[in-house]
């Protein structure tokens, strides 16, 4: 077996738990259940577009949304057209380039991911009710680091 460079961590012992987490998130229909609980009738990709915009610190270009969602631009454009027809997003001029358009949530568009995220985060918070504040902070830091490092290494494989 290849040396992992981390002898203090038995990766074979962690792998089943990571697999179990993926299975729990998929089989539990977490996204669908949260949407049902929050009374949201959008499809999952449209919801992902709204959440992506909601968690951004500013309006985004279509390409930025696609990049954050790890999909191609036409996929995002198709969903944005539907969200715009529903009055959930608007296209606004980019102040740095008047030829370009940014996508911005409307007040109605902001309310939907807010309800969804409150539901999801409530469930995650409930799962960690008995955790100390230090454990929660450590978990968040390590999860951030793991996802960033794994994403970077997998991107290197694509290059």
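Numbering (the UniProt record's numbering), first residue to last: 1 to 159. Backbone N, C-alpha and C define an ideal beta-carbon position, used for all residues, glycine too.
Distance CB(residue i)-CB(residue j) smaller than 8 Å
i: residue 25; j: residue 112; result: no
i: residue 65; j: residue 72; result: no
i: residue 53; j: residue 89; result: yes
i: residue 47; j: residue 116; result: yes
i: residue 119; j: residue 58; result: no
i: residue 108; j: residue 87; result: yes
Exposure label - residue i; buried when at least 16 CB within 10 Å
i: residue 22; result: exposed
i: residue 142; result: exposed
i: residue 152; result: exposed
i: residue 150; result: exposed
Does the stretch 50 to 63 touch the stretch 95 to 102, meaning 3 or more C-beta pairs lie closer than 8 Å? Yes: the two stretches touch, three or more of their Cβ pairs being nearer than 8 Å.
Three or more C-beta pairs below 8 Å linking the stretch 87 to 98 and the stretch 15 to 33: At 8 Å Cβ cutoff, the stretches do not touch.
Curious, which full-length alpha helix (DSSP H) runs of at least 4 residues does the stretch 85 to 159 contain? List check, alpha helix (DSSP H) in window: 107 to 127, 133 to 158.
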